[in-house]
Structures are given as structure tokens and as C-alpha cells.
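These notes concern the structure reproduced below.
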Amino acid sequence: MRQFFAIMVFAAALTACSQDSSLSGEELQMGDAAQAVTSLAVDQASESVTEQIVKRPELVRLEDVWDLAASRPGADIGLVFQLFRLKQSLGPRNVPCFDPKSEDVCARIVEAINIVGLTEQQVGLLLDSLELPHRVIARDCEVLMVTQEFTAGRVNLAVAEGVVTGWASEGSEESHFDDAC
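In the numbering used here, the protein residues as written are 381 to 561.
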């Protein structure tokens, strides 16, 4: 009998140690459900945080344009960003475009993008993101009236039917205009 009593005490102690002492049998079953509900709520909360991280449409458009520019033959986006960092280190905005020591960094940036063949809107987004001023000086083979003031590094564009057909950077000796007109 002593042996039976010892085994029962041992089993009771073992059972008591394996359960949370603060929970009754019903609360224990409810705890499993609560744990499932809690994990479901955590999953939903993480999904709602993910859904709240939405990019602005302008940023999405800019990323798409950079992806398009990077995929075009002749474009060297790695060089574009190296030259942009060089431009930033030489001075603010388009000041380095005027400096002869910059080795025509602004024109080299535009050349590395290979903007001919992109739409006017796409080129505008790219040049704005690189802090390069720009303007259209010829549209559909007609030269537009533009001011003659000099703005270092400003990119003058020729556009035909909404597509850039040529460009030149003010201060650079090279121009990249197509003689199709």
C-alpha cells in the first residue's frame, strides 16, 4: 500500500509541475485558444504595418524611370551615380557644371544616362532627380524662343513627338543633336 501511495504522490507532483498552477482546467483550455488568437492578431498587425508602407506615386514613377534607363543599351547607371557623387562633392546643385576642373561632369552624367529616345517626361524626372536644370529648345523641328542667359550645366533638349531626339549641356563643347530636321 505504501508503494501505491508513493506512486500516486509522485504522479500528482509530476502533473502539478507540468501545468501552470494559476490556471484551472477550463482556463487551461481557454489559454490555448487565447494563444492562437494572440498569434493571429500579431500576424494581422504585421500585415497591416506592411500595408501601411506604401510608396508615393512620384517615387514609384521615378524608380520605374530609373529602371527603364538602366535597362537601355548604352546606359551606364553605375557611372551616372559615380559622376553624381563627384558633382555633389564639387559643390551644390549645378555649380560644378561651370567649373572647368570638373571635367564636364554634368555633360558626362547626361551622356551616361543615354537620354535620346526617352520621353520628355522621363528625361525630366531623371534630370530633376540629379539636380540638373533642363529646358526644351526645339520641339517638333521648330526652334523655340528661349532666353539667352547662361545656366551652367543646364541641359537643352530637342523633342519630337514627345521623345527626346537630342541634347546639349550649357558650358560643354559637345552637342548631341540629331540632324533629322
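We treat Cβ as the ideally placed atom computed from N, Cα and C, and that holds for glycine.
What is the C-beta distance between R515 and L498, in whole angstroms, given that I count them as a contact (C-beta under 8 angstroms)? Taking the first residue of the sequence shown as position 1, residue 515 is located at position 135. Taking the first residue of the sequence shown as position 1, residue 498 is located at position 118. That belief does not hold up - the Cβ atoms of R515 and L498 are roughly 16 angstroms apart, past 8 angstroms.
Roughly how many angstroms separate the alpha carbons of V492 and V485, rounded to a whole number? The residue labelled residue 492 in the question sits at position 112 within the sequence shown. The residue labelled residue 485 in the question sits at position 105 within the sequence shown. Here residue 492 turns out to be Ala, not Val, going by the sequence shown. Here the alpha carbons of V485 and A492 stand approximately 10 angstroms from one another.
Give the range of the alpha helix (DSSP H) segment to which V445 is assigned. The residue you call residue 445 lines up with position 65 of the sequence shown. Boundaries of the alpha helix (DSSP H) around V445: 437–451.
Quick one: using the 10 Å Cβ neighbour count with 16 as the cut-off for buried, is T527 buried or exposed? Residue numbering aside, residue 527 sits at position 147 when the sequence shown is read from its first letter. With fewer than 16 other beta carbons inside 10 angstroms of its own, T527 counts as exposed.
If you follow the beta strand (DSSP E) that S469 is part of, which residue opens it and which one closes it? Within the sequence shown, residue 469 is the residue found at index 89, counting from 1. Note, S469: premise wrong, no beta strand (DSSP E); alpha helix (DSSP H) at 457–470.
Let me check one thing: in DSSP terms, what residues is E511 bridge-paired to? In the sequence shown, the residue the question calls residue 511 occupies position 131. Answer is none; E511 lacks a bridge partner.
I want to know whether the stretch 436–447 touches the stretch 499–512 - three or more CB-CB distances under 8 angstroms. Yes, the stretch 436–447 touches the stretch 499–512.
Under three-state DSSP, which class holds R534? Locating residue 534 in the sequence shown gives position 154, where the first residue counts as 1. Coil.
In three-state terms, what does DSSP make of I493? Position 113 of the sequence shown, counted from the first residue, corresponds to residue 493. In the three-state reduction of the DSSP assignment, I493 falls in the helix class, which pools H, G and I.
Considering only heavy atoms of the ligand FMN, does any lie closer than 7 angstroms to the CB of P472? You won't find the ligand FMN in this model; it holds no ligand whatsoever.
V526 by DSSP, collapsed to three states: which one? Residue mapping note: residue 526 aligns to position 146 of the sequence shown, counting from 1. V526 carries a coil assignment under DSSP once its states are collapsed to helix, strand and coil.
Could you work out which residue in E541, A532, G551, G454 is closest to C521 when comparing CA atoms only? The residue you call residue 521 lines up with position 141 of the sequence shown. Looking at the Cα atoms, E541 is the closest of the given residues.
Looking only at DSSP bridge pairs, what is S549 linked to? For the purposes of this step, residue 549 is taken as residue 169 along the sequence shown, with counting starting at 1. Bridge partners of S549: V535.
Please report the straight-line C-alpha distance between A414 and P437, rounded to a whole angstrom. Against the sequence shown, residue 414 aligns to sequence position 34. Against the sequence shown, residue 437 aligns to sequence position 57. With a pLDDT of only 49 at A414, under 50, the local geometry of the prediction cannot be trusted, and the value read off the model is given with reservation. Rounded to the nearest angstrom, the gap between the Cα atoms of A414 and P437 is 40 angstroms.
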